[in-house]
Amino acid sequence: MTREEENLIISKVQNGDTASFEKLVLENQTKVYNLALRMVGNEEDAFDMSQEAFIKAYNSLGSFRGESRFSVWLYRLTTNVCLDFLRAEGRKSFSSLTYLSDDDEKELEIPDERFSPEAAIEKKELRETVKMGLLKLPKEYRAILLLREIDGLSYDEIAKTLSIEEGTVKSRIFRARKRLCAILSGEGNILNSNSSKDSKGGVKHE
Amino acid sequence: MNNCSQYFELISAMIDGELETELESELRTHLEHCDECKRVYNAFKEFSNALSKDFVRPPEILSKSIMQRVNKQKKGTKKPFIFGRFTAVAACLALILLGASRFGFFDGLNNNKQIEKSSLRSADIGEMVTNSDHEEFNTQNYSSNSLQENTNDSSEQIMIKGDINETEEDVVFQFGFPTQNTGVNGTNIEDIQKEPLFLFEAKELSIYEGKYSSNDEQKNKLLFTVKNEEELTAFSELLTAVPEGTTKYEIDDDQFVKSNPKYTVYIPADKDKNSKINDKMISIWYINEEIWGVIQDVRKPTLNVENTKDFSIEKILYKALGSPNKCEDFIKKLGK
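Line by line, the protein sequences give chains Z and G.
Going by the numbering used here, the first residue of the first sequence is number 747, and it counts up by one from there.
Going by the numbering used here, the first residue of the second sequence is number 878, and it counts up by one from there.
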């Protein structure tokens, strides 16, 4: 869908043609759903989050000015919906690692060979490992990494979205990756832990 | 080791295409013969792949349920109403209080989350219901065992046919329960999960201080009766359940339900509309700058002793939108 097509549908909906909103839903639901899934870690919650994001988008459509693309705006909304959800969930958690903890100052743990393109490991398996490790990242790190990787935002766009400096974006993304390295190597074999159970929103590391 | 750590952050930026050209070419040269940095690069690349690739298709009903809600919203935006979101948690609560087997409403649901939670809480909740009901309905032995026993009287209560229709009259409040049919005969399961649990109509309400006893009217301390449309609207907004996604019931919080509520709101049913509807009652507590409510039907003890022996009241615990401050302001205003 081109930007023009997007804007046309939006103005239709703004003028009362609710049914047309479905086109926007169908166009964006895969990305929204997968973004939510990687944020909250399970399908039920991802479903709820996706719904809520779209409903919120629909409700705020009146004030959408079209400075950015609707899809990008929607993905940011999804991220925020997920963060709110995780924050509420986080109240129940027993660990209270703050966002910028001492772990960030540690050296990067050099990842092992399995990440090399020639490695024998099944790529799919490796990706599952990474996804599970992702859920152990503090939610803000997870969010910024996903803004970059799924939403495809540039550092500059992310900086504007989060109202921070571009340099901060760069270092936070790096720290997120660094932390992921530590999670994947330092904490031993993810494949052997029962992380699938505590994958819900990565609560343990909040 | 060597000081490749200076390169790591650059590698991160390069993956994102955010490295200046000269630095990038310098880095690429370095990568050709530095094993460590190469591994870092590969790992970061794989992270990127894992996150941005292998997308799954969302469930088919996602778009349908979104559109359903969007359309529904469009219809009923003007009417003020109090609704409780059918969250997994609230549903659980209702489930336990009535006894899962009886609430045929839930037969279709196989949401593991719900079942898990209900087994955790039945002990606490059963007790909560027992204790708080004891004084009000002292004509029968109310025990948590009675939850299991099924009588016609109680099942009728589930069938409260509060129609969730919007009328054009000067109804300012809508409360109700979904009909029993919902969910059993082919209505979309996902719809049930997202439908308001309670929703009903009222033209006036009474605010009592503390607890309300339908047995012993003398004991009740009536503060105000609200009939004015504006006031009803305002108050209904205070008591509306927090919208979907944020209504959460935390197990530690149910301790407060054993204490007396701050106020009890009594809502007489509109018998002309539907003679089967019961009066409703909402007990409210102020907890940590939030308003929490327990809404239930008011079941007056009948003359038929048999029926009054075992019955349970469906109670729904929910968090309200309003804040204690706003509520107090409202009450003060009423007093003037």
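Yeah, the Cβ is synthetic: ideal placement off N, Cα and C, and Gly gets one too.
**Beta-carbon contacts of G/Ser889 that lie in its chain and below 7 Å, excluding the five residues immediately before and after** = In the second sequence, the residue the question calls residue 889 of chain G occupies position 12. Cβ neighbours of G/Ser889 beyond the five flanking positions: Phe921.
**Prompt:** What's the call for G/Asn1202, buried or exposed, on a 16-neighbour Cβ count within 10 Å?
**Reply:** To locate residue 1202 of chain G, count along the second sequence from 1; it is residue 325. Exposed, because fewer than 16 other Cβ atoms sit within 10 Å of the Cβ of G/Asn1202.
**Message:** Quick check: what's the CA-CA separation for G/Gln945 versus Z/Ala765?
**Reply:** Translated into the one-based positions of the second sequence, residue 945 of chain G becomes position 68. Translated into the one-based positions of the first sequence, residue 765 of chain Z becomes position 19. Counting only the Cα atoms, Z/Ala765 lies some 10 Å from G/Gln945.
**Request:** Answer with buried or exposed for G/Leu1099, where buried requires no fewer than 16 other C-beta atoms within 10 angstroms of its C-beta.
**Result:** For the purposes of this step, residue 1099 of chain G is taken as residue 222 along the second sequence, with counting starting at 1. Result: exposed.
**Request:** Could you work out which residues of chain C lie near G/Ser940, taking near to mean beta carbons separated by less than 8 Å?
**Result:** Absence of chain C from the displayed structure is noted, the protein chains being Z and G.
**Request:** Would you list the one or two residues that DSSP bridges to Z/Leu883?
**Result:** As a working mapping, residue 883 of chain Z is identified with position 137 in the first sequence. None; Z/Leu883 has no bridge partner.
**Message:** Taking 6 Å as the limit between beta carbons, can you name the residues of its chain near Z/Glu798, skipping five residues before and five after?
**Reply:** Indexing the first sequence from 1 puts residue 798 of chain Z at position 52. Once the five neighbours on either side are set aside, the close Cβ partners of Z/Glu798 are Val827.
**Request:** Could you tell me how far apart the beta carbons of G/Leu900 and G/Leu887 are, in whole angstroms, since I believe they sit closer than 8 Å?
**Result:** Along the second sequence, read from residue 1 onward, the residue named residue 900 of chain G stands at position 23. Along the second sequence, read from residue 1 onward, the residue named residue 887 of chain G stands at position 10. Right, the Cβ-Cβ distance comes to about 6 Å (below 8 Å), so this counts as a contact.
**Request:** Name the two residues that bound the continuous beta strand (DSSP E) containing G/Asp1174.
**Result:** Stepping through the second sequence from its first residue, residue 1174 of chain G is reached at position 297. It spans Glu1167 to Asp1174 - the beta strand (DSSP E) in which G/Asp1174 sits, taken as one unbroken run.
**Prompt:** What distance in whole Å lies between the Cβ atoms of Z/Ile890 and G/Ser929, which are believed to be in contact at a cut-off of 8 Å?
**Reply:** Position 52 of the second sequence, counted from the start, is the residue given in the question as residue 929 of chain G. Position 144 of the first sequence, counted from the start, is the residue given in the question as residue 890 of chain Z. A Cβ-Cβ separation of about 14 Å leaves G/Ser929 out of contact with Z/Ile890 under the 8 Å criterion.
**Asked** Going by beta carbon distance, what residues of the same chain come within less than 8 Å of G/Val1119, once the five residues before and after it are set aside?
**Response** Position 242 of the second sequence, counted from the start, is the residue given in the question as residue 1119 of chain G. Close CB contacts of G/Val1119 within its chain, under the 8 Å cut and outside five residues either way in sequence, are with Arg962, Tyr1195, Lys1196, Ala1197 and Leu1198 (chain order).
**Request:** Compare the beta carbon distance of G/Leu1211 and G/Tyr1143 with 8 Å and say whether it is the shorter of the two.
**Result:** Looking up residue 1211 of chain G in the second sequence gives position 334. Looking up residue 1143 of chain G in the second sequence gives position 266. Taking 8 Å as the Cβ cut-off, G/Leu1211 and G/Tyr1143 do not qualify as a contacting pair.
**Message:** Among the candidates G/Arg934, G/Val947 and G/Phe1101, whose CA atom is the shortest distance from the CA of Z/Glu768?
**Reply:** Taking the first sequence and counting its residues from 1, one reaches residue 768 of chain Z at position 22. Closest by C-alpha distance to Z/Glu768, out of G/Arg934, G/Val947 and G/Phe1101, is G/Val947.
**Prompt:** Out of curiosity, what's the CA-to-CA distance linking Z/Leu781 and Z/Ile910?
**Reply:** Counted from its first residue, the first sequence places residue 781 of chain Z at position 35. Counted from its first residue, the first sequence places residue 910 of chain Z at position 164. Linking Z/Leu781 to Z/Ile910 through their CA atoms gives a straight-line distance of about 22 Å.
**Request:** Taking the CB atoms as reference points, tell me whether G/Ala927 and Z/Lys885 lie closer together than 8 Å.
**Result:** On the second sequence, residue 927 of chain G is found 50 positions in, with the first residue counted as 1. On the first sequence, residue 885 of chain Z is found 139 positions in, with the first residue counted as 1. Cβ atoms of G/Ala927 and Z/Lys885: not closer than 8 Å.
**Cβ shell of G/Thr1102 (< 7 Å), same chain only, five flanking positions each side left out** = Taking the first residue of the second sequence as position 1, residue 1102 of chain G is located at position 225. The answer, listed in chain order, is Glu1081 and Ser1083.
**Prompt:** According to the Cβ coordinates, are Z/Gly894 and Z/Arg815 closer than 8 Å?
**Reply:** On the first sequence, residue 894 of chain Z is found 148 positions in, with the first residue counted as 1. On the first sequence, residue 815 of chain Z is found 69 positions in, with the first residue counted as 1. According to the sequence provided, residue 894 of chain Z is Arg. The question's Gly does not apply to it. A distance of 8 Å or more separates the beta carbons of Z/Arg894 and Z/Arg815.
**Request:** Taking G/Asn1137 and G/Ala1146 to be in contact with their CB atoms under 8 Å, please state how far apart those CB atoms are, rounded to whole angstroms.
**Result:** In the second sequence, the residue the question calls residue 1137 of chain G occupies position 260. In the second sequence, the residue the question calls residue 1146 of chain G occupies position 269. Wrong, their Cβ atoms sit about 25 Å apart, outside the cutoff.
**Prompt:** Any chance the segment 913-922 of chain Z sits against the segment 785-801 of chain Z, with 3 or more Cβ pairs inside 8 Å?
**Reply:** By the Cβ criterion, the segment 913-922 of chain Z is not in contact with the segment 785-801 of chain Z, since fewer than three pairs of Cβ atoms, one from each stretch, lie closer than 8 Å.
**Item:** G/Gly1170, buried or exposed, once every other Cβ within 10 Å from all chains shown has been counted against 16
**Value:** Here residue 1170 of chain G is taken as the residue at index 293 of the second sequence, counted from 1. The C-beta of G/Gly1170 has 16 or more other C-beta atoms within 10 Å across all chains shown, which makes the residue buried.
**Message:** How far does the alpha helix (DSSP H) with G/Ser925 in it extend, from its first residue to its last?
**Reply:** Along the second sequence, one-based indexing puts residue 925 of chain G at 48. Where G/Ser925 is concerned, the enclosing alpha helix (DSSP H) stretches over Asp912 to Ser929.
**Request:** Find the residues of chain Z that neighbour G/Ile1159, judging by a C-beta separation of less than 9 Å, and give them in chain order.
**Result:** For the purposes of this step, residue 1159 of chain G is taken as residue 282 along the second sequence, with counting starting at 1. Within chain Z, no residue has its CB atom less than 9 Å from the CB of G/Ile1159, the nearest being about 24 Å off.
**7 Å CB neighbourhood of Z/Ile867 in its chain, flanking five on each side removed** = In the first sequence, the residue the question calls residue 867 of chain Z occupies position 121. For Z/Ile867, where only same-chain residues beyond five positions count, the Cβ hits under 7 Å are Arg860.
**Request:** Report all residues from its chain with a CB closer than 8 Å to the CB of Z/Cys927; omit the five preceding and five following residues, and keep chain order.
**Result:** In the first sequence, residue 927 of chain Z corresponds to position 181, counting from 1. Cβ within range, chain order: Leu854, Glu855, Ile856 and Pro857.
**Request:** With a 10 Å radius around its C-beta and 16 neighbouring C-beta atoms as the bar for buried, classify G/Pro935 as buried or exposed.
**Result:** Here residue 935 of chain G refers to the residue found at position 58 of the second sequence. Under the 10 Å beta carbon count, G/Pro935 is surrounded by 16 or more other beta carbons and is classified as buried.
**Asked** For G/Ile1144, which of helix, strand or coil comes out of DSSP?
**Response** Your numbering for residue 1144 of chain G matches position 267 in the second sequence. Three-state DSSP puts G/Ile1144 in a strand.
**Request:** Identify whether G/Thr1117 lies in helix, strand or coil by the three-state DSSP scheme.
**Result:** The residue given as residue 1117 of chain G occupies position 240 in the second sequence. For G/Thr1117, the secondary structure class from DSSP, reduced to helix, strand or coil, is coil.
**Request:** Since I believe Z/Arg784 is in contact with Z/Leu892 (beta carbons under 8 Å), could you give me their beta-carbon distance rounded to a whole number of angstroms?
**Result:** To locate residue 892 of chain Z, count along the first sequence from 1; it is residue 146. To locate residue 784 of chain Z, count along the first sequence from 1; it is residue 38. Contact holds; Cβ gap of about 6 Å.
**Inter-residue spacing [alpha-carbon to alpha-carbon] between G/Glu1205 and G/Tyr1089** = Reading the second sequence from its first residue, position 328 is the one you call residue 1205 of chain G. Reading the second sequence from its first residue, position 212 is the one you call residue 1089 of chain G. Their backbone Cα atoms lie some 19 Å apart in a straight line.
**Request:** Pick out whichever of Z/Thr776, Z/Arg925, Z/Ser931 and Z/Glu903 has its Cα sitting closest to the Cα of G/Asp893.
**Result:** In the second sequence, the residue the question calls residue 893 of chain G occupies position 16. Closest option to G/Asp893, Cα to Cα, is Z/Glu903.
**Message:** Is it buried or exposed, G/Glu923, if we count other Cβ atoms within 10 angstroms and call 16 or more buried?
**Reply:** Along the second sequence, one-based indexing puts residue 923 of chain G at 46. G/Glu923 counts as buried, since at least 16 other C-beta atoms from the protein chains shown sit within 10 angstroms of its C-beta.
**Neighbour flag for Z/Ser814 against chain G, beta carbons, 8 Å** = Residue mapping note: residue 814 of chain Z aligns to position 68 of the first sequence, counting from 1. False, the Cβ-Cβ gap to chain G never drops below 8 Å.
**Message:** Could you compute how far the alpha carbon of Z/Lys906 sits from the alpha carbon of Z/Glu789?
**Reply:** In the first sequence, counting from the first residue as 1, residue 906 of chain Z sits at position 160. In the first sequence, counting from the first residue as 1, residue 789 of chain Z sits at position 43. Between the C-alpha atoms of Z/Lys906 and Z/Glu789 there is a straight-line separation of about 30 Å.
**Prompt:** If we count the other Cβ atoms within 10 Å of its Cβ and call it buried at 16 or more, is G/Asp984 buried or exposed?
**Reply:** By 1-based counting over the second sequence, the position of residue 984 of chain G is 107. The pLDDT assigned to G/Asp984 is 31, lower than 50, so where the model puts this residue is not dependable; a value taken from the coordinates is nonetheless given after this. Exposed, since its Cβ has fewer than 16 Cβ neighbours within 10 Å.
**Message:** 8 Å is my cut-off, CB to CB: does G/Ser929 come that close to chain Z?
**Reply:** Taking the second sequence and counting its residues from 1, the one referred to as residue 929 of chain G is at position 52. Answer yes: the Cβ-Cβ gap between G/Ser929 and chain Z drops below 8 Å somewhere.
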